[in-house]
Ligand code: PMV
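Numbering (the numbering used here), first residue to last: 81 to 448.
Here's what the structure looks like:
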């Protein structure tokens with residue numbers, strides 16, 4: 081009985097592994113690959129590094145990949161290119177973002193003993209830089225595509241490690257579903273899946289309080305964390321909050337998980353707001369959404385909030401309550417938009433020719 085229940089999952093895994101293998105072989109031959117990755121929402125947050133260059137986190141974290149949002153990235157190496165080229169959402173980019181991508185490609189080129197410059201083209205179906213972890217999806221997709229096009233055969237752990245160097249939270253966008261990223265050294269600090277996407281049909285209702293690009297990015301924010309005296313207390317309690325959150329997640333118990341994720345998010349923002357100089361990511365709409373969430377909950381709607389490095393509020397609930405939460409959120413004055421996502425699969429190579437935005441892409445993953 082148990083075996084027959086597992087069969088579809090095993091079949092899917094087998095198809096996935098085979099498809100990835102054939103895409104990897106083709107990528108190595110053509111020196112070109114396309115990968116898709118989802119952003120993730122952290123239930124237990126990462127804030128502050130032990131090592132800023134290696135992006136070794138001060139505390140462990142736990143997240144859910146967001147299946148309906150994605151970044152799609154194509155990397156092609158070309159011996160005739162004088163330098164790396166980057167195009168994001170059809171716009172050529174030459175500033176610090178290109179330098180960050182070049183530094184990341186250098187890690188891959190060094191491992192693959194490759195000298196060629198690369199053309200990198202990336203498109204996302206969600207607003208970037210406003211508190212939806214766009215860098216997570218971006219560096220997870222870039223890592224998978226850049227490694228494959230360079231002919232490097234990296235397993236999930238090695239890809240998570242590589243993605244971490246681009247953006248810490250990107251390590252959690254490499255495995256599928258619900259993922260935990262552990263502290264440690266360069267070798268051991270990687271993310272792994274604690275449950276597949278179908279474990280729990282949660283929804284993240286993302287309430288957009290501002291579409292503007294944030295003025296202080298998270299790389300600078302992580303450096304400020306140690307200037308806040310609250311950071312030590314936040315880090316000291318992170319492991320216990322993570323264990324409580326993980327247990328509730330595995331038991332599909334939102335009444336237990338919700339208060340932990342709210343506490344964890346507020347602790348991170350207390351650290352941000354008390355850094356020197358202080359970082360205020362919230363705006364007045366952020367606070368209105370928090371208060372509305374408390375009000376809905378008091379009236380029996382089981383929904384909890386979390387907030388990343390931006391003003392947007394992520395409302396977490398079970399799928400059956402998502403439509404109600406969305407329509408209530410849209411009534412709040414100042415709310416610019418609402419996006420909804422369920423859990424998503426791992427970062428993976430896709431067949432660029434068969435790529436269709438908005439649809440489940442590639443190898444049998446039913447992202448919601
Ligand atoms: O990966 P980074 O450097 O963009 O940091 C992400 C930090 C938060 O989104 C605020 C929290 C998290 O764990 O995702």
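Positions of the beta carbon are idealized from the N, C-alpha and C atoms, including for glycine. Because the structure is a prediction, the values reported are computed rather than measured.
The beta carbon of residue 348 sits closer than 6 angstroms to the beta carbons of 125, 127 from its chain, once the five residues preceding and following it are set aside; these are given in chain order. For the pair residue 399 and residue 326, the CB atoms are not nearer than the 7 angstroms cut-off. In this structure, residue 126 has its beta carbon less than 6 angstroms from a heavy atom of the ligand PMV. Judged by DSSP secondary structure, residue 170 falls outside any alpha helix (DSSP H); it is assigned neither H nor E. DSSP places residue 401 within a helical segment (H, G or I) once states are collapsed to three. Taking non-hydrogen atoms of the ligand PMV into account, the C-beta of residue 215 is found less than 6 angstroms away from one of them.
About 7 angstroms separates the beta carbons of residue 422 and residue 148, which is inside the 8 angstroms limit, making them a contact pair. Around the beta carbon of residue 407, fewer than 16 other beta carbons lie within 10 angstroms, which makes this residue exposed. Proximity to residue 227 across 243, 403, 92, 121 peaks at 243, based on C-alpha coordinates. When rounded, the separation of the alpha-carbon atoms in residue 176 and residue 297 is 12 angstroms.
Among the bridge pairs identified by DSSP, residue 165 is matched with 199. Residue 321 and residue 343 do touch by the CB rule: their CB atoms are close to 7 angstroms apart, below 8 angstroms.
Boundaries of the alpha helix (DSSP H) around residue 182: 176-192. In the three-state reduction of the DSSP assignment, residue 418 falls in the strand class.
Relative to residue 197, the option among 315, 112, 285, 274 whose CA is nearest is 112.
For residue 201, the CB contacts under 6 angstroms within the same chain, skipping 5 residues up- and downstream, are 154, 167 in chain order. Per the coordinates, the alpha-carbon of residue 346 lies some 32 angstroms from the alpha-carbon of residue 238.
For the options 351, 299, 231, the alpha carbon positioned closest to that of residue 314 is the one of 351.
Just measuring C-alpha positions, the residue of 93, 95, 294, 240 sitting nearest residue 207 is 294. Distance from the CA of residue 205 to the CA of residue 387, rounded to the nearest whole angstrom, comes to 20 angstroms. Only residues of its own chain outside the window of five on either side were considered, and among them 207, 210, 416, 417 have a CB closer than 8 angstroms to the CB of residue 291, listed in chain order.
In the displayed model, residue 143 falls within a strand according to three-state DSSP. Assignment of residue 260 by DSSP, reduced to helix, strand and coil, places it in the strand class. For residue 113, the pairing in a beta bridge is given by DSSP as 155. With respect to the C-alpha of residue 146, the residue from 116, 138, 164 having the closest C-alpha is 116. Counting along the chain, residue 370 sits inside the alpha helix (DSSP H) bounded by residues 364-378. Scanning 133, 412, 413 for the CA closest to the CA of residue 184 turns up 133. In the three-state DSSP reduction, residue 131 falls in the strand class (E or B). For residue 385, the enclosing beta strand (DSSP E) covers residues 384-386. Under a 10 Å Cβ-count criterion, residue 194 is classified as buried, with 16 or more other Cβ atoms of the shown protein chains found around its own Cβ. Residue 132 has its CB no nearer than 6 angstroms to any heavy atom of the ligand PMV. The secondary-structure analysis by DSSP pairs residue 205 with nothing; it has no beta-bridge partner. Taking C-beta separations shorter than 7 angstroms and ignoring five residues to either side along the sequence, the partners of residue 363 in its chain run 289, 290, 391, following chain order. By the neighbour-count criterion, in which a residue is buried when 16 or more other Cβ atoms sit within 10 angstroms of its Cβ, residue 233 is exposed. In its chain, beyond the 5 residues on either side, 285, 383, 385, 405 have a beta carbon closer than 6 angstroms to the beta carbon of residue 395. Contact check for residue 136 and residue 269: beta-carbon distance about 5 angstroms, within the 8 angstroms limit, so the pair qualifies.
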